[in-house]
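*Asks:* Have a look at this one before I ask anything.
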Ligand SMILES: Cc1cc2nc3c(=O)[nH]c(=O)nc-3n(C[C@H](O)[C@H](O)[C@H](O)COP(=O)(O)OP(=O)(O)OC[C@H]3O[C@@H](n4cnc5c(N)ncnc54)[C@H](O)[C@@H]3O)c2cc1C
């Protein structure tokens, strides 16, 4: 069950699709060119392949456990986390001012994929710590930054995100935890938070909880929610740790997957109130939390790509090994490894093309994020921010739904052995399922795509992206190859279907919201499929050019074949999805609730 980081694929995307040469011209990223990317990725692969990946299976068999308020993580996790922190990996993308390495997301996202392929349960701890760091950088006071940031960036302490309560999941307006102001400017927090990832564990000295709660007397709904820092251990003026704060883990969950990642119920304020510090201003908590959530949503999308890659590698290994049945074309006189059967190849190609497509989309989104924050030209920053914002629900929603299809195919390739836990393919399938649920379910991502990202501007932003896709179509049309011509037709049909759906959503979102939202998840799947297919079409153009020059021909030809497969087998789903959304909206809501 070993894992080998797909560095060549990652570097191809970083160089040719995300255009690291352009990223490294932006202020602050001068040292972050292709060579840096390669060196960082190689080091990252070394730690993850050698230390963190071997603990993945162990975590499934021997999950985190809870006794008397104490959570003990899987044997080996604590030491692996120490190595991760000492290697500076927690600070990879964070500002140099707080001890980070200040690298662009274009490189950081690929490292995130490697870590998550190695061990998704383990990776959740750094993932949530990243979110806490982002929230503090964006909205924390100088004092909070001084106390918490360096320790979080170094991995000495870890962070959590406390949104969910029993009655408040997708709907955060229902948050009830309360915060009482204290004379010294701090607050006391009371309430119960559920499903808190790494809410308690033994891998770091302190845990910094970022908590949503309502200040006494605050307005109802989302406008009355504030964000607080609640440390597990109080921090003394000199930075040393003081008393235990009044936040306690009362249990952890038994789960379908990501078993090594402790999912905690946290009780705040049973002994007089948990000391809390306001982040930013009162009643603006949800706004700040969205900063964290956007970072975390992108990162969860990368988790989908990561688990798909791991499942693909495992399935390829098995398909080359398992001997069963003679090939239908008579090319072998005896039973052959199952990879010789066209349907097994179809499954492997679906896994490979879906994973590569989503990776390419995520890589381009990361570069847009970097440009949105670092480009010297304000107009370019604005355009990239809009592009990134559009892509976030797709990276999250589409890549994670894709990971379910891919990990399911991974089990299928293994036949009966896939269903047997010892094989390991089932773990990826079980682990992947959480990805379409946390950080906002696929439906919540789709609501964001329909409401904020499409209907709000009448579809203008979505159509600006369609115009960019047309440019790639024009490039494809100029090529002589049969592959480019075939991909061109599929891309054009998919882009036209996308524009039809954008028009439908924009026309119906206000006047007939049930019709627009009936197609919200199909629209998300359609748009994600298109964005991934578009990036693979771009990769085909690059690969054809480089292959013609004799550069790494076998690799480039595989890129071309994969892009062609994606266009014919996956992108070709888009026009059908368009029909379901535009023609089938009424059928979704027609049945009376009594008839269910
Ligand atoms: C393992 C695990 C780890 C987690 N980690 C964290 C964490 O670290 N911090 C944290 O705060 N939370 C965490 N969560 C909570 C997670 O984010 C929520 O479970 C998730 O947001 C869904 O909320 P819910 O479970 O209440 O489902 P519900 O909101 O009850 O949703 C049930 C169903 O209804 C649908 N639905 C709900 N509202 C709408 C709508 N408006 N439109 C369309 N469909 C809708 C959903 O899509 C879903 O299919 C974690 C959960 C798990 C299981």
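Residue numbers (the numbering used here): 2 to 597.
Beta carbons are placed, not taken as given, at the ideal position from N, Cα and C, and that holds for glycine.
If you're wondering where the values come from, they're calculated on a predicted model, not measured in any experiment.
With DSSP as the reference, identify every bridge partner of residue 268, one or two as the case may be.
*Replies:* Working through the chain shown from its first residue, we reach residue 268 at position 267. In the DSSP output, where bridge partners are listed per residue, residue 268 has 193 and 249.
*Asks:* Determine, for residue 532, whether the minimum Cβ-Cβ distance to residues of chain B falls below 8 Å.
*Replies:* Protein chains in the displayed structure number just one, and chain B is not present.
*Asks:* How should residue 47 be labelled, buried or exposed, when 16 other C-beta atoms within 10 angstroms of its C-beta is the threshold for buried?
*Replies:* As a first step, residue 47 must be located in the chain shown, where it is residue number 46. Counting Cβ neighbours within 10 Å, residue 47 comes out exposed, since fewer than 16 surround it.
*Asks:* Since residue 516 contacts residue 586 with CB under 8 Å, what's their CB separation in whole angstroms?
*Replies:* Here residue 516 refers to the residue found at position 515 when the chain shown is read from its first residue. Here residue 586 refers to the residue found at position 585 when the chain shown is read from its first residue. Residue 516 to residue 586, Cβ: 4 Å. Contact.
*Asks:* When the Cα atoms are used, what is the spatial distance from residue 395 to residue 408?
*Replies:* Mapped onto the chain shown, residue 395 falls at position 394. Mapped onto the chain shown, residue 408 falls at position 407. In a straight line, the C-alpha of residue 395 is about 19 Å away from that of residue 408.
*Asks:* Among 488, 286, 157 and 440, which one has its Cα closest to the Cα of residue 219?
*Replies:* The residue labelled residue 219 in the question sits at position 218 within the chain shown. It is 286.
*Asks:* Helix, strand or coil: which one does DSSP assign to residue 210?
*Replies:* In the chain shown, residue 210 corresponds to position 209, counting from 1. Three-state result, residue 210: strand.
*Asks:* Do you know offhand how far residue 201's Cα is from residue 547's?
*Replies:* As a position in the chain shown, residue 201 is number 200, starting the count at 1. As a position in the chain shown, residue 547 is number 546, starting the count at 1. When rounded, the distance between both Cα atoms is 50 Å.
*Asks:* Any contact of the stretch 223 to 235 with the stretch 243 to 250, i.e. 3+ C-beta pairs under 8 Å?
*Replies:* At 8 Å Cβ cutoff, the stretches touch.
*Asks:* Would the C-beta of residue 532 count as close to ligand 1, meaning under 7 Å from any of its heavy atoms?
*Replies:* Taking the chain shown and counting its residues from 1, the one referred to as residue 532 is at position 531. No, since every heavy atom of ligand 1 falls outside the 7 Å radius drawn around the Cβ of residue 532.
*Asks:* With burial defined as no fewer than 16 other Cβ atoms inside 10 Å of the residue's Cβ, what is the status of residue 360: buried or exposed?
*Replies:* As a position in the chain shown, residue 360 is number 359, starting the count at 1. By the neighbour-count rule (16 or more Cβ atoms within 10 Å), residue 360 is buried.
*Asks:* Alpha carbons only, please: which of 112, 215, 98 and 165 is nearest the one belonging to residue 265?
*Replies:* Translated into positions along the chain shown, residue 265 becomes position 264. If we check each option's Cα against that of residue 265, 165 comes out closest.
*Asks:* Can you check the stretch 131 to 183 for any beta strand (DSSP E) of at least 3 residues that lies completely inside it and give the ranges in chain order?
*Replies:* You should have 158 to 163 and 179 to 182.
*Asks:* Count the other CB atoms, across all protein chains shown, that sit within 10 Å of the CB of residue 105; report buried if there are 16 or more and exposed otherwise.
*Replies:* As a first step, residue 105 is located in the chain shown; it is residue number 104 there, counting from the start. So residue 105 ends up on the buried side.
*Asks:* Do residue 284 and residue 210 come within 8 Å of each other at the CB atom, strictly closer than that value?
*Replies:* Sequence index remark: in the chain shown, residue 210 carries index 209 (1-based). Sequence index remark: in the chain shown, residue 284 carries index 283 (1-based). Going by C-beta atoms, residue 210 is not nearer than 8 Å to residue 284.
*Asks:* What does the alpha-carbon distance come out to for the pair residue 529 and residue 536?
*Replies:* Residue numbering aside, residue 529 sits at position 528 when the chain shown is read from its first letter. Residue numbering aside, residue 536 sits at position 535 when the chain shown is read from its first letter. Approximately 11 Å, taken between the alpha carbons.
*Asks:* Would you say residue 130 and residue 101 are within 8 Å of each other, going by their C-beta atoms?
*Replies:* Here residue 130 is taken as the residue at index 129 of the chain shown, counted from 1. Here residue 101 is taken as the residue at index 100 of the chain shown, counted from 1. No. Outside cutoff.
*Asks:* For residue 73, list the residues DSSP reports as bridge partners.
*Replies:* By 1-based counting over the chain shown, the position of residue 73 is 72. BP columns for residue 73 point to 66.
*Asks:* Please identify the residue among 4, 13 and 140 whose C-alpha is closest to the C-alpha of residue 552.
*Replies:* As a working mapping, residue 552 is identified with position 551 in the chain shown. It is 13.
*Asks:* Measuring CA to CA, which of 90, 171, 173 and 207 is closest to residue 155?
*Replies:* As a working note, residue 155 is residue 154 in the chain shown. The option with the nearest alpha carbon to residue 155 is 90.
*Asks:* Check whether the Cβ of residue 299 lies closer than 7 Å to any heavy atom of ligand 1, and answer yes or no.
*Replies:* Translated into the one-based positions of the chain shown, residue 299 becomes position 298. No; taking the cut-off as 7 Å, the Cβ of residue 299 has no heavy atom of ligand 1 nearer than that.
*Asks:* Which first and last residues belong to the alpha helix (DSSP H) in which residue 562 is found?
*Replies:* To locate residue 562, count along the chain shown from 1; it is residue 561. Segment 554 to 566, the alpha helix (DSSP H) holding residue 562.
*Asks:* What span of residues does the beta strand (DSSP E) with residue 52 cover, start to end?
*Replies:* In the chain shown, the residue the question calls residue 52 occupies position 51. Here residue 52 belongs to no beta strand (DSSP E), and DSSP marks it neither H nor E.
*Asks:* On the three-state DSSP scale, how would you describe residue 127?
*Replies:* Counted from its first residue, the chain shown places residue 127 at position 126. Helix at residue 127.
*Asks:* Determine the extent of the beta strand (DSSP E) in which residue 276 is found, giving its start and end residues.
*Replies:* As a first step, residue 276 is located in the chain shown; it is residue number 275 there, counting from the start. Looking at the DSSP string, the run of the beta strand (DSSP E) that includes residue 276 is 275 to 280.
*Asks:* When you compare the stretch 260 to 280 with the stretch 188 to 205, are there three or more beta-carbon pairs, one atom per stretch, that lie closer than 8 Å?
*Replies:* Cβ pair count under 8 Å is three or more, so yes.
*Asks:* Quick check for students: name the residue ranges of the alpha helix (DSSP H) that lie wholly in the stretch 364 to 423, counting only runs of 4 or more.
*Replies:* Fully enclosed alpha helix (DSSP H) runs of 4 or longer: 379 to 414.
*Asks:* Nearest-angstrom Cα distance between residue 27 and residue 328?
*Replies:* Numbered from its first residue, the chain shown carries residue 27 at position 26. Numbered from its first residue, the chain shown carries residue 328 at position 327. Residue 27 and residue 328: Cα-Cα distance of roughly 54 Å.
*Asks:* By the three-class DSSP mapping on this structure, what secondary structure does residue 244 have?
*Replies:* On the chain shown, position 243 is the one that residue 244 refers to. Here residue 244 sits in strand by DSSP.
*Asks:* Going by DSSP, what residue range makes up the beta strand (DSSP E) through residue 11?
*Replies:* Working through the chain shown from its first residue, we reach residue 11 at position 10. Taken as a continuous stretch (DSSP letters only), residue 11 belongs to no beta strand (DSSP E), being part of the alpha helix (DSSP H) at 8 to 13.
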